[in-house]
Amino acid sequence: MPIPVQALQIEADVNLRPYNTFGLPALAKRLVRIREAADVRRIVDHPDLGRAPKFVLGGGSNLVLTKDVEAVVLKVEIPGIRLLEERADAWIVEAGAGVVWHDLVQWTLDHGYPGLENMALIPGTVGAAPVQNIGAYGIEVKDRLEAVEVMDLVTGRPALLPAEVCRFGYRDSVFKHSDFGGLAGKSVITRVRFRLPRPWQPVLGYLEIERKMQETGITAPDARQIFDWIVAVRRAKLPDPAVIGNAGSFFKNPVVTAEQCKDIIGRDPGIVHYPMPDGSVKLAAGWMIDACGWKGKTVGGAAVYEKQALVLVNRSGEARGAEVVTLARAIQESVYGRFGIRLEPEPVVV
Numbered sequence: 001m002p003i004p005v006q007a008l009q010i011e012a013d014v015n016l017r018p019y020n021t022f023g024l025p026a027l028a029k030r031l032v033r034i035r036e037a038a039d040v041r042r043i044v045d046h047p048d049l050g051r052a053p054k055f056v057l058g059g060g061s062n063l064v065l066t067k068d069v070e071a072v073v074l075k076v077e078i079p080g081i082r083l084l085e086e087r088a089d090a091w092i093v094e095a096g097a098g099v100v101w102h103d104l105v106q107w108t109l110d111h112g113y114p115g116l117e118n119m120a121l122i123p124g125t126v127g128a129a130p131v132q133n134i135g136a137y138g139i140e141v142k143d144r145l146e147a148v149e150v151m152d153l154v155t156g157r158p159a160l161l162p163a164e165v166c167r168f169g170y171r172d173s174v175f176k177h178s179d180f181g182g183l184a185g186k187s188v189i190t191r192v193r194f195r196l197p198r199p200w201q202p203v204l205g206y207l208e209i210e211r212k213m214q215e216t217g218i219t220a221p222d223a224r225q226i227f228d229w230i231v232a233v234r235r236a237k238l239p240d241p242a243v244i245g246n247a248g249s250f251f252k253n254p255v256v257t258a259e260q261c262k263d264i265i266g267r268d269p270g271i272v273h274y275p276m277p278d279g280s281v282k283l284a285a286g287w288m289i290d291a292c293g294w295k296g297k298t299v300g301g302a303a304v305y306e307k308q309a310l311v312l313v314n315r316s317g318e319a320r321g322a323e324v325v326t327l328a329r330a331i332q333e334s335v336y337g338r339f340g341i342r343l344e345p346e347p348v349v350v
């Protein structure tokens, strides 16, 4: 039986500036707030919305808006966090897609379920985390994900997708692609289940964490200590979106072969790089952008953040999406010209 359509709250001509962390101007012709999974079924059954193109919006922290959005914007606001299951080898925690990611990290630590602390203070919502396969300081969501609950945008039916079918890659997943079985534009993530391993093991391999260990003399930090360190590091080098608009790290750290890295080191010995388990090497995109002299440079109201070249900001508060895109493309050309590497943006450009 169809769920009554009158339960939906449909808003017209909504200014999306408050709903993207870059603070970029754009109008949504129609916006519907998803506060429970049943709302997706209500949309599917709606005589007008059901067949209309749709755009799923979470926390707007991975988004560059360059124009008004003609598609129906589905603003995902599903709340709730709970311990779903306690196993001998793991805690299974479930969170609504609308939960703020950092709030989830804090909740798990407050309740004694560590494992997400390395990803503290990443902006965005829980529902967006698997889409981008967010990660920081040696951990990615795929390392802690049990399953993703989705609602089909054609049938309105729910499905529970285990981690192994999500096709996770570096800042990539099945939810970012529409071809070859991809789910972009075809489903809405409603809840996410995380598998937090027992016993807990710290992940300490990153330079900033090693520096904190040396500074404090703490060689065996617990999860709360790692959380505090990462929060301090991120706050020191990354701007608060509530103060200055940004989308966090704007470019992916490129991954190259060991031979390519050796060639680059021959020309630029100081380049920051991290060997990967598969023999490839991850290069620090921020270092390369800084080496090309981009820190503090501007295009209109958009700028490269003075403290971290990997972050582009809405310095004036009045920047437009086109200015952000122009700045990003200029950076890409500059880095390619010097290093022969094409940087790939992290945010979705609409």
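Residue numbers (the UniProt record's numbering): 1 to 350.
Built from N, CA and C at the ideal position, the CB exists for glycine as well.
Source: prediction; values computed, not measured.
DSSP beta-bridge partners of residue i
i	result
alanine 12	Arg30
proline 345	Phe251
alanine 136	Ile139
leucine 57	Lys75
proline 158	Met151
aspartate 172	Gly169
lysine 282	Val255 and Tyr274
leucine 24	For leucine 24, which the question treats as bridged, DSSP gives no partner whatsoever.
leucine 63	Val348
valine 69	Ala28
glycine 145	Going by the sequence as given, residue 145 is leucine instead of glycine. Paired residue(s): Phe194.
Assumed close pair residue i, residue j - CB separation to whole angstroms, cut-off 8 Å
i	j	result
leucine 24	arginine 17	7 Å
arginine 144	leucine 161	Not confirmed; about 15 Å, so no contact.
alanine 303	valine 313	5 Å
residue 385	arginine 167	With the chain covering only 1 through 350, there is no way to say anything about residue 385.
threonine 21	glycine 50	Not a contact, Cβ separation roughly 30 Å.
methionine 151	threonine 190	6 Å
glycine 58	glycine 127	5 Å
valine 174	valine 350	Wrong, their Cβ atoms sit about 20 Å apart, outside the cutoff.
isoleucine 122	tryptophan 101	6 Å
asparagine 246	proline 239	5 Å
Between the CA atoms of residue j and residue i - distance to the nearest angstrom
i	j	result
glutamate 149	leucine 183	12 Å
valine 56	phenylalanine 227	30 Å
valine 165	serine 187	14 Å
proline 202	valine 231	16 Å
glutamate 77	alanine 129	14 Å
aspartate 103	glycine 300	34 Å
lysine 54	valine 72	5 Å
isoleucine 264	arginine 338	10 Å
aspartate 13	alanine 291	43 Å
leucine 153	glutamine 132	20 Å
residue 383	glycine 135	What the structure shows of the chain is the stretch from 1 to 350, and residue 383 is not part of that stretch, so it cannot be assessed.
alanine 223	glycine 248	23 Å
glutamate 346	phenylalanine 250	5 Å
isoleucine 341	glutamate 333	9 Å
leucine 74	tryptophan 294	36 Å
valine 40	methionine 288	43 Å
glutamate 344	arginine 267	22 Å
proline 221	methionine 213	8 Å
glutamine 225	arginine 195	21 Å
arginine 320	isoleucine 10	26 Å
leucine 8	alanine 38	10 Å
valine 348	histidine 111	34 Å
tyrosine 336	glutamate 215	36 Å
Residue-chain proximity (residue i, chain E), Cβ-Cβ < 8 Å
i	result
asparagine 246	Absent from the structure: chain E. Only one protein chain is present.
Requested in this report: May I have a chain-ordered list of the beta strand (DSSP E) segments no shorter than 3 residues that lie completely inside the region 291-342?
Outcome: Taking only runs of at least 3 residues, the beta strand (DSSP E) segments lying wholly in the region 291-342 are 302-304 and 311-314.
Query raised in the report: Counting only runs that start and end within the region 175-214, where is the beta strand (DSSP E) found for 3 or more residues in a row?
Result: Inside the region 175-214, DSSP marks whole beta strand (DSSP E) runs of 3 or more residues at positions 187-197, from first to last along the chain.
**Report entry** At least 3 beta-carbon pairs within less than 8 Å: the region 102-112 vs the region 58-73
**Finding:** By the Cβ criterion, the region 102-112 is not in contact with the region 58-73, since fewer than three pairs of Cβ atoms, one from each stretch, lie closer than 8 Å.
Query - the region 249-259 in contact with the region 26-44 per 3-pair CB rule at 8 Å - result: No, because fewer than three Cβ pairs between the region 249-259 and the region 26-44 fall closer than 8 Å, the two stretches do not touch.
**Report entry** Cβ contact check for the region 281-298 and the region 85-96: 3 or more pairs under 8 Å
**Finding:** Judged by Cβ distances under 8 Å, the region 281-298 makes no contact with the region 85-96, as fewer than three pairs qualify.
Query - contact_flag[the region 205-225, the region 80-89] where n(CB pairs < 8 Å) is 3 or more - result: Touching, no.
Report task. Enumerate, from N- to C-terminal direction, the unbroken beta strand (DSSP E) stretches of 3 or more residues contained entirely within the region 212-276. Result -> Counting whole runs of 3 or more residues, the region 212-276 contains the beta strand (DSSP E) stretches 245-249 and 273-275.
**Report entry** Length at least 3, wholly inside the region 79-128: the beta strand (DSSP E) runs in chain order
**Finding:** You should have 81-86 and 90-96.
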